[in-house]
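Everything below concerns the one structure shown next.
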Amino acid sequence: MLYDISLQIEYHYPDLADAGRHQIRVMPADLPGEQRTIAATFTVDPAPQEQVERTDFFGNRLTELLFDQPHESITLKVKARVDRPAPVPRLDCSPTLSALAAEIAGYRGVDAASPHHFTGASVRVPIEQQTTDYARSLHTPGATALETISAINTALHRDMRFDPEATTVETPMLEAFERRHGVCQDFTHVMIACLRGIGIPAGYVSGYLRTIPPQGKSRLEGADAMHAWVRAWCGREMGWIEFDPTNAMMAGEDHIVIARARDYFDVAPVRGVMRSAGAHTSRHSVDVAPVV
Amino acid sequence: MKLQGDHASELDVSGLLAGYDRTHDVPDELIAADGSIRPVWHDLIRALASMTPQEIGSRIARGDQYLRDAGVFYRHYGPQDTAERDWPLSHIPLLIDEAEWQEISAGLIQRADLLEQVVADLYGPARLVEEGFLPAPLIANNREWLRPLVGTVPRSGHFLHFIAFDIGRGPGGNWWVLGDRAQAPSGAGFALENRIATSRIFSDIYGHSNVERLAGFFREYRDALLDLRGDNSSRVGILTPGPLNDTYYEHAYIARYLGFMLLEGEDLTVRNGQLMVRTVGGLSPINVLWRRLDAQWADPLELNEASRLGTPGLLGAVRSGSVTMINALGSGVLETRALLAFIPRICEALTGEPLRLPNIATWWCGQAAEREHVKANADRMTIGDAYATRLPFELDDISAVGGKFTAKVKETVEAWIDDGAAHLVGQEAVTLSTAPALVDGVLKPRPMSLRVFLARTASGWRIMPGGFARIGHHGDRPELAMQRGGSVADVWIVRKDPVRKESMLPRDGIHLMQNLPGVLPSRAADNLFWLGRYVERAEHLIRLTRAYHVRLAETAYPDTPLLTDLSEYMSSLDIDISRSVPAAISTALASAFGSAAHVRDRFSSDGWLALADLQRSVTKMSGTATAGDDAARAMGVLLRKLSGFSGLVHENMYHFTGWRFLSIGRSLERAIATTFLLARFADPEVPEGAYDLAVELCDSAMSHRRRYAVGTNRETVIDLLALDPLNPRSVAHQFDELREHFGFLPGATPHRPTTDLQRAMLRTYAALASRPAYKLDTGALKDIGAGIAALSARIGHAYFR
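Just so you know, the protein sequences line up as chains A and B, in that order. Letter by letter, the first sequence follows residues 1 to 292 in the numbering used here. Letter by letter, the second sequence follows residues 1 to 801 in the numbering used here.
As structure tokens, then:
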């Protein structure tokens with residue numbers, strides 16, 4: 001499917017921001033065989049004093065910005081055309097959890113693709129008894145990794161309520177889980193904790209979600225903002241598979257990838273430190289329209 | 001023990017060692033296995049034996065006095081309180097002979113080279129993981145392994161430049177490495193202070209004992225850091241977490257000792273990949289930074305977001321190769337406790353040789369066979385956090401020592417190991433050797449471990465000939481005996497031949513560095529400026545309080561018009577006159593102290609002690625002084641102490657840019673206070689006695705008597721306190737001072753106004769100086785006061801941003 005994506009993020013600083021350095025991760029990724037970015041522009045207003053492009057440890061593209069003049073607002077804009085074909089359906093050839101453990105142990109490497117980065121606690125995803133117990137209760141003895149992940153993906157959608165008012169980007173994972181509500185970021189962090197708790201390597205994907213549903217289908221949750229979902233390692237043979245617990249589905253042609261890493265901390269769209277006396281307000285709008 | 005030809009008799013020696021009750025089968029540094037005194041100790045023990053207890057006592061007092069005078073302290077973080085504590089010197093040094101030291105050196109240099117190879121691999125090809133020498137999870141789950149720096153080669157080509165090892169002597173008499181300190185080891189500065197104090201205690205013995213000097217090591221290390229700058233004249237910085245850190249004293253001390261800039265994270269910024277210092281003269285590049293800050297706190301943009309100690313963009317500067325960090329950010333991964341399990345095999349694989357100095361036996365429970373071994377031998381092990389960077393005997397929240405938990409845990413040790421296997425490590429519980437310590441005047445054996453420092457120089461690793469010995473408490477369990485709260489001792493490496501005298505003078509060809517006036521970090525300038533203002537403010541508040549209580553003591557009626565006016569004025573300055581020592585005074589002094597704490601490397605210990613003494617006096621007086629005469633006298637005491645501090649600073653401080661900011665703060669505060677004081681007490685409509693009060697508050701009563709034949713009137717008061725430039729208390733005099741200082745600040749010219757700040761000051765000055773005394777009415781004075789106050793913000797804008 002071909003999409004035109006536009007994103008606008010605005011920050012306002014009523015008391016003038018003095019200086020700031022930011023890392024921005026908002027551009028659709030170019031993923032050979034999975035997703036192709038045909039054209040993309042990224043604009044910043046006012047013009048920053050420095051703007052540098054690079055890739056991070058996990059291979060994600062990012063832009064570093066430096067503002068060193070006082071400014072009262074920053075506007076970031078993305079316009080992109082992306083081709084995201086539907087993934088080919090695959091047979092489940094993932095191992096059982098105990099066989100998966102052996103496969104992980106057999107992986108000698110700490111390269112970006114290594115499952116070892118995704119097994120333990122990370123900055124925003126602690127491994128908690130509650131999420132591990134929940135995940136264990138959904139695991140049928142002898143089930144494959146993929147079956148177990150699917151079961152958890154479905155269960156979380158059933159048990160957690162999507163509620164954009166209930167949490168903020170700072171809400172801890174466990175709090176969202178215990179209250180059984182949140183947005184895509186919370187669903188994703190909870191599922192990652194569940195999977196890591198039972199030994200399945202799991203990571204975070206940030207991206208865009210198709211805004212306008214195909215005819216006859218309802219609009220997906222989280223489509224009016226940037227989206228997030230889960231990727232899990234299903235053994236050497238199947239590799240990484242992506243699930244969207246907010247919508248109880250596998251990530252597919254409706255999901256456009258920006259960045260993949262351990263959790264939100266690694267791939268937050270805007271990260272940064274601002275020297276400013278007061279608070280700020282922000283606005284953020286997304287449109288992902290199929291090209292017809 | 002045979003000590004022939006001594007002036008101390010055998011009897012004296014055996015008397016000295018009568019209480020030395022060493023434990024059977026634990027090696028001792030002083031007494032060999034056969035019961036004889038080890039040769040390296042002979043001189044010291046003989047000398048001690050010939051001293052009376054009184055002499056030993058007075059020698060120790062001399063060392064302690066030095067430490068107190070130098071203001072050596074460390075910050076102790078207790079469960080209830082955080083406080084600065086006296087330095088816990090164990091007065092008997094640890095002696096090691098030359099031959100043994102050479103073996104230790106060779107072992108530690110081998111280990112230093114090995115660790116450099118390991119860390120270069122972990123941030124490079126990671127072959128040690130690929131080839132199975134290190135388990136991947138141990139690296140991937142390690143907080144100190146910094147993904148943003150994987151693939152970055154350090155600017156200097158090396159990750160490690162200054163490291164330390166904690167070592168101890170085990171039961172067999174051999175030395176063991178207990179832990180690697182590869183990130184930002186502390187203690188080198190304290191080792192120097194221990195040396196100075198201990199050599200004062202035993203000055204005669206130290207002078208004759210062929211003890212290796214420490215200065216040569218520091219000189220070579222300093223020169224190595226200067227060389228790392230490359231072709232430029234930038235200064236070397238020491239990055240500190242700030243005054244709240246437990247070893248901040250040491251950071252300030254070593255910065256002074258080596259002549260480096262002491263910097264905090266907010267002093268630094270990054271422009272186009274280059275690390276810069278914010279100075280009063282603008283941004284100035286810096287290439288070499290000795291960090292005493294753990295990596296996690298170094299850059300809130302990419303690491304711990306909550307850090308207020310770091311510099312956003314620092315990692316970017318490292319990636320772009322513009323700065324050499326001592327040690328490279330990320331080298332903390334080498335301190336991981338579990339790594340000790342793998343280092344011996346890695347050594348053989350990479351160098352083809354075994355470790356010359358073994359490390360303490362360690363098993364990572366993330367491996368099945370090792371886990372079973374730890375479970376089966378838990379009673380002989382200390383089991384704790386695999387990722388911790390502390391020493392084996394520094395216990396975690398939950399550790400199991402000898403098969404028992406140190407905290408309340410519901411499970412069994414075995415179940416605990418199975419549950420958290422990948423996060424746990426077992427280490428053999430070694431009994432460390434004992435060394436002599438004076439306990440209530442008697443020599444006693446105490447468990448000991450040693451921290452040894454290594455620096456990379458042009459000719460390879462250089463080892464500090466000495467170090468930092470930690471002396472534990474007496475205890476049944478050696479690992480518990482070594483927990484926090486012990487003391488520290490100097491370490492003497494004793495040679496057979498006389499040693500060379502060393503000094504910090506630079507080697508030939510390198511001239512003494514001159515500090516350019518512009519390289520004063522903005523934050524230091526800001527703190528000095530406010531230190532000047534707060535001290536002056538405190539003085540003004542004390543004078544007001546004294547004037548009030550003097551008058552109160554003289555009258556039976558506290559509601560005379562003058563006292564009413566004065567108390568109103570004091571209330572407007574937030575002085576609560578119902579208390580004899582108003583809180584406003586202690587607040588101003590506490591603020592002065594807070595500012596001074598950030599620039600401790602910039603003024604003398606005497607100045608610091610004077611300020612600390614002042615603060616203590618205020619606290620004491622707050623409880624005791626009563627209104628009237630008593631309070632007035634107390635204020636007099638404070639004023640004298642305050643002028644003691646000001647004298648120390650203004651008489652002894654070199655007239656660097658920093659001194660100018662301190663002086664600007666003082667003059668500005670004095671000008672503001674005097675102008676508003678005149679606006680109030682030189683007004684035509686004031687009660688009787690107000691003119692005299694103003695003259696007294698400005699400490700100008702004598703000048704007034706000599707200068708004018710008449711008593712005080714409005715015009716003489718304004719002339720003397722506002723307009724007379726020869727009166728050091730007048731507003732005009734403050735303007736003269738400010739004009740001179742402003743002329744020497746970066747960007748300015750001394751004899752004509754070239755900066756906005758200079759021009760703004762001249763405008764305000766003209767408003768004052770162009771009026772005769774009778775035209776300086778209350779309205780004009782208030783305008784001038786506001787004009788002077790506005791200069792403060794201009795200074796901040798121009799130099800402290």
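Built from N, CA and C at the ideal position, the CB exists for glycine as well. Just so you know, these numbers come straight off a predicted model, no measurement behind them.
Best match in the options for proximity to residue i [C-alpha to C-alpha]
i              : options                           : result
H733 (chain B) : B:R462, B:E669, B:V401 and B:I92  : B:E669
Q51 (chain A)  : A:G203, A:H22 and A:P32           : A:H22
N141 (chain B) : A:P87, A:R54 and A:V123           : A:V123
V262 (chain B) : B:R271, B:H251, B:N272 and B:T269 : Per the sequence shown, the amino acid found at residue 262 (chain B) is Leu instead of Val. Ranking B:R271, B:H251, B:N272 and B:T269 by Cα distance to L262 (chain B) puts B:H251 first.
T23 (chain B)  : B:S617, B:R147 and B:S433         : B:S433
C365 (chain B) : B:T382, B:A682, B:V581 and B:T351 : B:T382
A625 (chain B) : B:P582, B:S571, B:R666 and B:S667 : B:P582
Which residues DSSP lists as bridging residue i, in chain order
i              : result
R36 (chain A)  : A:D83
I31 (chain B)  : B:I37
M448 (chain B) : B:I471
V401 (chain B) : B:T382 and B:K404
P521 (chain B) : B:T279
Whether residue i touches residue j by CB criterion (8 Å)
i              : j              : result
L201 (chain B) : H91 (chain B)  : Reading off the sequence shown, one finds Ile at residue 201 (chain B), where the question assumed Leu. In contact: I201 (chain B) and H91 (chain B) (Cβ atoms closer than 8 Å).
V494 (chain B) : S199 (chain B) : no
E539 (chain B) : L639 (chain B) : yes
V452 (chain B) : P93 (chain B)  : no
Q296 (chain B) : L289 (chain B) : no
Q183 (chain B) : S331 (chain B) : yes
V488 (chain B) : F218 (chain B) : no
R260 (chain A) : F57 (chain A)  : no
E414 (chain B) : A361 (chain B) : no
L230 (chain B) : E264 (chain B) : The question names Leu, but residue 230 (chain B) in the sequence shown is Gly. No, the pair does not count as a contact, with Cβ atoms beyond the cut-off.
S50 (chain B)  : R278 (chain B) : no
L226 (chain B) : I326 (chain B) : no
Residue i versus residue j: straight-line alpha-carbon distance, rounded
i              : j              : result
L566 (chain B) : A590 (chain B) : 25 Å
R213 (chain B) : G466 (chain B) : 8 Å
G460 (chain B) : F118 (chain A) : 40 Å
D244 (chain A) : R84 (chain A)  : 16 Å
E353 (chain B) : I346 (chain B) : 10 Å
A684 (chain B) : T778 (chain B) : In the sequence as displayed, the identity of residue 684 (chain B) is Pro instead of Ala. Spanning the two alpha carbons is a distance of roughly 9 Å.
S9 (chain B)   : A435 (chain B) : 23 Å
R111 (chain B) : A18 (chain B)  : 40 Å
D418 (chain B) : A368 (chain B) : 10 Å
A289 (chain A) : S218 (chain A) : 15 Å
G509 (chain B) : F260 (chain B) : Annotation note: pLDDT 46 at G509 (chain B) (below 50); position unreliable, coordinate value reported separately. Going from the Cα of G509 (chain B) to the Cα of F260 (chain B) covers about 19 Å.
G316 (chain B) : Q49 (chain A)  : 15 Å
H158 (chain B) : A458 (chain B) : 12 Å
A610 (chain B) : R319 (chain B) : 45 Å
G71 (chain B)  : L614 (chain B) : 15 Å
N359 (chain B) : T336 (chain B) : 13 Å
P561 (chain B) : L768 (chain B) : 30 Å
Q129 (chain A) : G197 (chain A) : 8 Å
A556 (chain B) : A634 (chain B) : 21 Å
E221 (chain A) : R271 (chain B) : 42 Å
M448 (chain B) : G472 (chain B) : 6 Å
| message | By the 9 Å beta-carbon criterion, what residues does the segment 97-110 of chain A contribute toward chain B? | response | Residues are counted here when their Cβ sits less than 9 Å from a Cβ of chain B; for the segment 97-110 of chain A these are I104, A105, Y107, R108, G109 and V110, given in chain order.
| said: At a CB distance below 7 Å, what residues from the segment 137-149 of chain B approach chain A? Give them in sequence order. | reply: Answer set for the segment 137-149 of chain B: P137, I139, A140, N141, R147 and P148.
| query | Taking a cut of 9 Å between CB atoms, which residues from the segment 120-133 of chain B lie near chain A? | reply | Those residues of the segment 120-133 of chain B placed with their C-beta closer than 9 Å to a C-beta in chain A are L122, A126, V129, E130, E131 and G132, ordered along the chain.
| Which residues, taken in chain order from the segment 295-324 of chain B, show a beta carbon closer than 7 Å to some beta carbon of chain A? | Only P300, L301, P312, G313 and G316 from the segment 295-324 of chain B bring a Cβ to less than 7 Å from some Cβ of chain A.
| request: Closer than 7 Å, Cβ to Cβ, to anything on chain B: give me those residues from the segment 117-137 of chain A, in chain order. | output: Result list: H117, T119 and G120.
| said: Along the segment 249-281 of chain B, where does the CB come closer than 7 Å to a CB of chain A? Name the residues. | reply: Within the segment 249-281 of chain B, the residues whose Cβ lies closer than 7 Å to any Cβ of chain A are, in chain order, N272.
| query | According to a CB-to-CB cut-off of less than 9 Å, which residues of the segment 49-73 of chain A neighbour chain B? | reply | From the segment 49-73 of chain A, only Q49, E50, V52, R54, D56, F57, F58, E64, L66 and D68 have a Cβ closer than 9 Å to chain B.
| message | Give me the subset of the segment 183-200 of chain A whose CB atoms are less than 7 Å from a CB atom of chain B, sorted by chain position. | response | Listed in sequence order: no entries.
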